[in-house]
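Student: I have a structure here, written as structure tokens, and I will follow up with some questions on it.
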Amino acid sequence: MGRATWFDADGTKRGEWTEEEDQKLVAYIDEYGVGDWRFLPGRAGLRRCGKSCRLRWLNYLRPGIKKGKFTPQEEQAIINLHSVLGNRWAAIAQQMPNRSDNDIKNHWNSCLKKRLERNGVDPMTHQPIINNLAVKTPLFNTECSSSSSARASPSSSSFSSSSGSAHLLNKIATAISSRQHCVDNVIKNILSDPRITSIHGQDDLEVEELKKDDEKILASDYQEDDILMWDDEKIRRFMEEIGVMELETMSYDGVYRL
DNA sequence: AAGTGAAGCAACCGCGGCGTT
DNA sequence: CAACGCCGCGGTTGCTTCACT
Numbered sequence: 001m002g003r004a005t006w007f008d009a010d011g012t013k014r015g016e017w018t019e020e021e022d023q024k025l026v027a028y029i030d031e032y033g034v035g036d037w038r039f040l041p042g043r044a045g046l047r048r049c050g051k052s053c054r055l056r057w058l059n060y061l062r063p064g065i066k067k068g069k070f071t072p073q074e075e076q077a078i079i080n081l082h083s084v085l086g087n088r089w090a091a092i093a094q095q096m097p098n099r100s101d102n103d104i105k106n107h108w109n110s111c112l113k114k115r116l117e118r119n120g121v122d123p124m125t126h127q128p129i130i131n132n133l134a135v136k137t138p139l140f141n142t143e144c145s146s147s148s149s150a151r152a153s154p155s156s157s158s159f160s161s162s163s164g165s166a167h168l169l170n171k172i173a174t175a176i177s178s179r180q181h182c183v184d185n186v187i188k189n190i191l192s193d194p195r196i197t198s199i200h201g202q203d204d205l206e207v208e209e210l211k212k213d214d215e216k217i218l219a220s221d222y223q224e225d226d227i228l229m230w231d232d233e234k235i236r237r238f239m240e241e242i243g244v245m246e247l248e249t250m251s252y253d254g255v256y257r258l
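According to the UniProt record's numbering, the first sequence holds residues 1 to 258 in order.
The structure is reproduced here in structure tokens:
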């Protein structure tokens, strides 16, 4: 399966990889390791661009890469991680070392997203859909858009409420987006919460508990302002907990400074 | 058996970040 | 400090397979 083979004007091969090409790439990386993707194709005797080689290696040939069906535990982990990280597939993949970001992204787009929608959950906000409208109370929400030009980014998130707390949270999300090293801290802290990911040794019982929790949330009357009603002190405590940013970057008048 | 739409998968494209010059 | 080039990431596309009629 894959795309048809064709050649660029400069003779670079595109499309589906052959077994021979795979072997060449693996043999080269086995001997020399992953290095400069620019020169790798020429040195490995491949008529491919470096980008294509990198993609093939990371998504398919890399040792330990797991193919095939996702287990229910993996799916639950993806959903949990996505609710926190959004469409940051690379970050999600870091927590699932046997799966490539491409694999996770594909599974999300083709399966998990639709499943959540069928269950009445907005896949972008992970909130119940009420009256056909997703409740817009995301921490790292992205607009639910099918547009190819809409590059998902936390900074594009918006709140339906104009409350100060919501505004503050929005700023926080923007700040997170602009500060990658902070995000890494966030991920570290969030993932120390056993409820977030089930992939690291979580047994079936825990998965079941998570599912029950989700059902409870769905079954209960959703409190629209659960997040929006956070006061600034609560938000500040939250930020301290997850270590998103140094306190000096957040002034008490609610103005965020980079 | 043939047609058709959905699902799944592999790969490409374009953009932004970051290091180098 | 601007320009440039490479790399990584997320979105999208195109092809195959499967299930259903």
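Glycine included, each C-beta is placed from N, C-alpha and C at the ideal position.
Looking only at its chain, what residues have a beta carbon closer than 7 Å to the beta carbon of L112, apart from the 5 residues adjacent to it on each side?
Tutor: In the first sequence, counting from the first residue as 1, residue 112 sits at position 112. Taken in chain order, the residues that qualify are E75, I78 and I79.
Student: I'd like the span of the alpha helix (DSSP H) that includes Q127, first residue to last.
Tutor: Taking the first sequence and counting its residues from 1, one reaches residue 127 at position 127. Note, Q127: premise wrong, no alpha helix (DSSP H); not H, not E.
Student: Going by DSSP, what residues sit across from V84 in a beta bridge?
Tutor: Reading the first sequence from its first residue, position 84 is the one you call residue 84. V84 pairs with nothing; no bridge assigned.
Student: For T142, does the count of other Cβ atoms within 10 angstroms reach 16, so buried, or fall short, so exposed?
Tutor: Along the first sequence, one-based indexing puts residue 142 at 142. Confidence in T142 is poor, its pLDDT being 36 and thus under 50, which makes the residue's placement unreliable; the coordinate value appears in the next sentence. By the 10 Å Cβ count, T142 comes out buried.
Student: For R14, does the three-state DSSP call read helix, strand or coil?
Tutor: Residue numbering aside, residue 14 sits at position 14 when the first sequence is read from its first letter. In the structure shown, R14 sits in a strand (DSSP, three-state: E or B).
Student: Give the straight-line distance between the Cα atoms of R54 and G33, rounded to the nearest whole angstrom.
Tutor: Your numbering for residue 54 matches position 54 in the first sequence. Your numbering for residue 33 matches position 33 in the first sequence. C-alpha separation (whole angstroms): 12 Å.
Student: With a threshold of 16 other CB atoms inside 10 Å of the CB of F70, please say whether the residue is buried or exposed.
Tutor: Counted from its first residue, the first sequence places residue 70 at position 70. With 16 or more Cβ atoms within 10 Å of its Cβ, F70 is classed as buried.
Student: How should S100 be labelled, buried or exposed, when 16 other C-beta atoms within 10 angstroms of its C-beta is the threshold for buried?
Tutor: Here residue 100 refers to the residue found at position 100 of the first sequence. Burial call: buried.
Student: First and last residue of the alpha helix (DSSP H) that includes K114?
Tutor: The residue given as residue 114 occupies position 114 in the first sequence. Start and end: K113 to R118.
Student: Anyone know if the C-beta pair for T5 and E20 falls short of 8 Å?
Tutor: Here residue 5 is taken as the residue at index 5 of the first sequence, counted from 1. Here residue 20 is taken as the residue at index 20 of the first sequence, counted from 1. For T5 and E20, no; Cβs fall outside 8 Å.
Student: Hey, how far is the Cα of G86 from the Cα of V121?
Tutor: Taking the first residue of the first sequence as 1, we reach residue 86 at position 86. Taking the first residue of the first sequence as 1, we reach residue 121 at position 121. In this structure, the alpha-carbon of G86 lies about 15 Å from that of V121.
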